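Each residue of the sequence shown is one higher than the one before, counting from 1 in the working numbering.
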Amino acid sequence: MTDDTADRLDRFRAEAASRGLPADDVEGWIRAALLPAVYLAEGGDGPLVARVGGDPVLPRGVPEPSEPFVASVDLAALPPGATGLPLPSDGRLLFFAGTEAGVAEGPVADAVLYVPAGTPAGPRPLAHSWRKPYQDRELRTHWHQSSAQMPESYALDTWGEFPEDEQFDRAEELGDAWSDLGGYRPPWTLQIGGHPVSPQSDPVHDARDTGGGDWTLLASWRCGDDVTELDSGVAHWVIRRRDLAALRFDRVHRSVEMA
1 MTDDTADRLD
11 RFRAEAASRG
21 LPADDVEGWI
31 RAALLPAVYL
41 AEGGDGPLVA
51 RVGGDPVLPR
61 GVPEPSEPFV
71 ASVDLAALPP
81 GATGLPLPSD
91 GRLLFFAGTE
101 AGVAEGPVAD
111 AVLYVPAGTP
121 AGPRPLAHSW
131 RKPYQDRELR
141 THWHQSSAQM
151 PESYALDTWG
161 EFPEDEQFDR
171 AEELGDAWSD
181 LGGYRPPWTL
191 QIGGHPVSPQ
201 SDPVHDARDT
211 GGGDWTLLAS
221 WRCGDDVTEL
231 DSGVAHWVIR
241 RRDLAALRFD
251 RVHRSVEMA
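Printed below as a string of structure tokens:
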């Protein structure tokens, strides 16, 4: 834990106490509701961490994915341990998704592709894709910070399937206390790790309800204004931690939603 993180947690404890929130709830929220994450955005002059849109760089012989290409992330460019996920230390992760909002899909065998470092690969237009490539954007700015769980999700995880109104309110107060100390998400296009922020439902909970196991967010993509099919669209990819450690990206669940 960095000195900055420890200081923020101390200030959060003081803020929560000033609101009359029980100390046990505060410590429980710190343990369960905060996960490390990396947020990627356009702009800046740093190294290229990820690219969104355009044509994917695919290994020779890989079948064409069933959905349009979203993003490619250079895993070696991520700060070590910054996501809290058992990701490979190098190579690239490629993400694919359409723009049809609806029920979570899973497992989707070609929603995520891992390309090990040194694999021969080249740009490949997706000839069978049903839409033009998404807008080509370079993501050179990144933030590494704690990602707070949505209050409703925290309440369900903490107090069971049917929390009381008072417990939902307490979760909201804990989230507000964290946000008031600068715990807001930064501007971002692509999020790796952490908790999802979702306008509709929690994709980690959705996957857990249908598939059981230790599910976690792998990535989220804010589609942006260039995706006119969706209003404030967000795509999520979630995976069991044991499948991620085993590089079983064919077991990823994917969901697309809009506000």
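Built from N, CA and C at the ideal position, the CB exists for glycine as well.
The structure displayed is predicted, hence computed values, not measured ones.
Helix or strand or just coil, what does DSSP make of Gly175? Along the sequence shown, read from residue 1 onward, the residue named residue 175 stands at position 175. Helix.
Report task. Classify Arg170 as buried or exposed, calling it buried when 16 or more other Cβ atoms lie within 10 Å of its own Cβ. Result -> Within the sequence shown, residue 170 is the residue found at index 170, counting from 1. Flag for Arg170 reads buried.
Relative to the C-alpha of Arg248, which candidate in Ile239, Ser255 and Val256 has its C-alpha closest?
Your numbering for residue 248 matches position 248 in the sequence shown. Of the candidates Ile239, Ser255 and Val256, the one whose C-alpha sits nearest the C-alpha of Arg248 is Ile239.
How many angstroms separate the CA atom of Leu181 from the CA atom of Ala14?
In the sequence shown, counting from the first residue as 1, residue 181 sits at position 181. In the sequence shown, counting from the first residue as 1, residue 14 sits at position 14. Those two C-alpha atoms are separated by around 11 Å.
Problem set entry | Secondary structure, beta strand (DSSP E): runs of 3+ residues fully inside the region 105–136 | 112–115 and 121–123
(message) Under 8 Å, with one C-beta from each stretch per pair, do the region 60–77 and the region 111–131 reach the 3-pair mark?
(response) yes
TODO: Excluding the 5 residues preceding and the 5 following Val57 in the sequence, name in chain order all residues of the same chain whose CB lies nearer than 6 Å to its CB.
DONE: Translated into positions along the sequence shown, residue 57 becomes position 57. Counting only Cβ-Cβ distances below 6 Å, and skipping sequence neighbours, we find Ala121 and Pro123.
- prompt: Can you list, in chain order, the residues of its chain whose CB lies under 7 Å from that of Met1, leaving out five sequence neighbours each side?
  reply: Numbered from its first residue, the sequence shown carries residue 1 at position 1. Its pLDDT being 44, under 50, Met1 is placed unreliably in this model, and the value from its coordinates should be taken loosely. Closer than 7 Å at Cβ, skipping near neighbours: no residue.
- Message: What residue range does the alpha helix (DSSP H) around Gly28 cover?
- Response: Looking up residue 28 in the sequence shown gives position 28. Here the alpha helix (DSSP H) through Gly28 covers Ala23 to Ala33.
(request) May I ask you to report which of helix, strand or coil DSSP gives Met1? (result) Along the sequence shown, read from residue 1 onward, the residue named residue 1 stands at position 1. Because the pLDDT at Met1 is just 44, under 50, the model does not fix this residue reliably, and the value given afterwards should be weighed accordingly. Coil at Met1, not helix or strand.
* In three-state DSSP terms, what is Pro65? -> Along the sequence shown, read from residue 1 onward, the residue named residue 65 stands at position 65. In the structure shown, Pro65 sits in coil (DSSP, three-state: anything other than H, G, I, E or B).
Exercise for review: Could you check the C-alpha separation between Gly53 and Leu244 for me, to the nearest Å?
Suggested key: On the sequence shown, residue 53 is found 53 positions in, with the first residue counted as 1. On the sequence shown, residue 244 is found 244 positions in, with the first residue counted as 1. Looking at the two C-alpha atoms, the distance is approximately 24 Å.
- Message: Looking only at its chain, what residues have a beta carbon closer than 8 Å to the beta carbon of Ala177, apart from the 5 residues adjacent to it on each side?
- Response: Position 177 of the sequence shown, counted from the start, is the residue given in the question as residue 177. Once the five neighbours on either side are set aside, the close Cβ partners of Ala177 are Phe12, Glu15, Ala16, Arg19 and Leu21.
Selection from Ala246, Tyr154 and Met258 that minimises the alpha carbon distance to Leu85: Locating residue 85 in the sequence shown gives position 85, where the first residue counts as 1. For Leu85, the nearest C-alpha among the options comes from Ala246.
Residues bridged to Asp74 (per DSSP)
Reading the sequence shown from its first residue, position 74 is the one you call residue 74. Partner(s): Arg92.
Supposed close pair Gln149, His195 - CB separation, criterion 8 Å
For the purposes of this step, residue 149 is taken as the residue at position 149 of the sequence shown. For the purposes of this step, residue 195 is taken as the residue at position 195 of the sequence shown. Indeed they touch by this definition, with Cβ atoms about 4 Å apart.
Review point. In angstroms, rounded to a whole number, what distance separates the CA positions of Leu275 and Leu126?
Key: Any question about residue 275 goes unanswered here, given that the chain covers just 1 to 259.
For this session: Select from Asp10, Ala6 and Ala33 the residue whose C-alpha is nearest the C-alpha of Gly175.
Result: Residue numbering aside, residue 175 sits at position 175 when the sequence shown is read from its first letter. Comparing Cα-Cα distances from Gly175 to each of Asp10, Ala6 and Ala33, the minimum goes to Ala33.
inquiry  = Taking the alpha carbon of Gly28 as the reference point, which residue from Pro151, Tyr134 and Asp136 has its own alpha carbon closest?
reply    = Here residue 28 is taken as the residue at index 28 of the sequence shown, counted from 1. It is Pro151 whose Cα lies nearest to the Cα of Gly28.
Start and end residues, alpha helix (DSSP H) containing Ser153
Position 153 of the sequence shown, counting from 1, holds the residue named residue 153. Pro151 to Trp159 is the span of the alpha helix (DSSP H), which, as asked, contains Ser153.
Looking only at C-alpha atoms, which of Ala109, Gly43, Asp7 and Arg222 sits nearest to Asp250?
Taking the first residue of the sequence shown as position 1, residue 250 is located at position 250. The residue with the shortest Cα to Cα distance from Asp250 is Ala109.
- Query: Leaving out five residues before and five after Pro163 in sequence, what residues of the same chain have Cβ atoms less than 6 Å from its Cβ?
  - Reply: The residue given as residue 163 occupies position 163 in the sequence shown. Only Ala155 meet the Cβ criterion.
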